[in-house]
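>
In mature numbering (1 follows the signal peptide of the UniProt record, and there is no 0), the protein residues as written are -22 to -1, 1 to 269.
1) Going by beta-carbon coordinates alone, are residue 81 and residue 91 separated by less than 8 Å?
2) Could you tell me the distance, in whole angstroms, from the CA atom of residue 202 to the CA atom of residue 115?
3) Could you check how far apart the C-beta atoms of residue 213 and residue 180 are, in whole angstroms? I think they sit under 8 Å.
4) Do you know offhand how far residue 234's Cα is from residue 155's?
5) So, for residue 244: in the same chain, excluding its five sequence neighbours on each side, which residues have a beta-carbon less than 8 Å away from its beta-carbon?
6) Is it true that the CB of residue 108 sits closer than 8 Å to the CB of residue 157?
7) Helix, strand or coil for residue 157 per DSSP?
8) Give the straight-line distance between the Cα atoms of residue 227 and residue 29, rounded to the nearest whole angstrom.
9) What distance in whole Å lies between the Cβ atoms of residue 241 and residue 47, which are believed to be in contact at a cut-off of 8 Å?
10) Sorted by chain position, which residues of the same chain lie with C-beta nearer than 6 Å to residue 77's C-beta, five sequence neighbours on each side aside?
11) Is it the case that the Cβ atoms of residue 119 and residue 246 are separated by a distance below 8 Å?
12) Buried or exposed for residue 68, going by 16 or more other Cβ atoms inside 10 Å?
13) Considering only residues of the region 66 to 118, which uninterrupted beta strand (DSSP E) runs meet the minimum length of 3 residues and lie entirely inside it, listed in chain order?
14) Using a Cβ-Cβ cutoff of less than 7 Å, which residues in the same chain neighbour residue 111 once the five nearest sequence positions on both sides are dropped?
15) Taking residue 238 as the reference, which of 224, 211 and 70 has the closest Cα?
16) Less than 8 Å between the CB atoms is what I'm expecting for residue 232 and residue 188, so what's the real figure, rounded?
17) Is it right to say residue 36 is buried, meaning 16 or more other beta carbons lie within 10 angstroms of its own, or is it exposed?
18) Tell me, which residues are paired with residue 180 by DSSP?
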C-alpha cells in the first residue's frame, strides 16, 4: 500500500465514522433486527489476521452452494445488520463469508479501530475472508458485496485503487455495492477507479447523502461513471437514503432482486440470469443505467 495516499485520505476517513448511519463511539450498541433464518445459518470462526483476532461469519445457502460472496459491512456496523440481503443471497444459492471489521461498534472501545486504521485492516480482512471462502467452499466461483465503507473494500478486491493499494483478489468475478463512502480526496478519484477489472453493480438513491460528509448523492454515481466502460450497472432508486440497504425503504425488493440477478449472472455465469438482467428496464422508483 502506498502510505502517502493513505495518509492523505486519513482525515476524510475519520469523518466517515460520524455519519448518520454510524453511532457515536460512546453510544451503546442498538439492538439489531435479526432474522432467525439468517442468524441460525451463521457459523462463527475466529481467525488470526495480522496479529488481530477477527470474527468471520459464514452463512450457508439453503440449498447446495453455487457460489461464495465476501461481504464487507458499513463503518461501525456488522454483517447482521444486513440480514435481509444475506438471506436473499442465501436463497439464490450463495454462501456468504463476512468479517466483523475492527471498526465495528460490537468490539469493545479498547479493541476498536478508528476509521484511518480500519482502511488497512479491512483490506487484510478481505484477503482473509477470500482465503477462508476458498478453503470452506473449494472450487466455487466468488464475488464481493459491500455497503458504504464496505463498498470501497469490495471494489478494491475487484481491482479499484490498484496502483495505490494493490489488493485485488483474483478470485472475485464481480462486485455488487450498496452506496459508497463518497469520493475521498487523494484516495478515491476518477483515476483510481479506472483499475476496476470486474463487472460492477451499484445501488444508490437520490437521497443518498450524509449531511456534512457526503452532501451530494451524485458522489456515489461517480463510482459508476469513472470505472472502465463495459459491464457497469447503476441502480438508482428515487428517494432512497444512505440506510437503504437495511430494507426499510420503498424499492428495496426490486433493487436487491437486480443485485442478486447481477451476481447470479456474473459470478455464477448463468446465461439466463444475464439475459434477464440485460432486459430489465426502469420500473417505478427504480431506474437502471448501463455503460
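Just so you know, even glycine gets a beta-carbon here, dropped at the ideal spot from N, CA and C.
If you're wondering where the values come from, they're calculated on a predicted model, not measured in any experiment.
In short, the structure shows the following:
1) yes
2) 30 Å
3) 7 Å
4) 10 Å
5) 121, 151, 152, 176, 177, 209 and 252
6) no
7) coil
8) 40 Å
9) Correct: roughly 7 Å between the Cβ atoms.
10) 32, 34, 103 and 107
11) yes
12) A buried status is given to residue 68, since no fewer than 16 other beta-carbon atoms sit within 10 Å of its beta-carbon.
13) 72 to 77
14) 46, 48, 75 and 120
15) Per the Cα distances, 70.
16) With 8 Å as the limit, residue 232 and residue 188 do not qualify as a contact, their Cβ atoms being about 24 Å apart.
17) buried
18) 155 and 212
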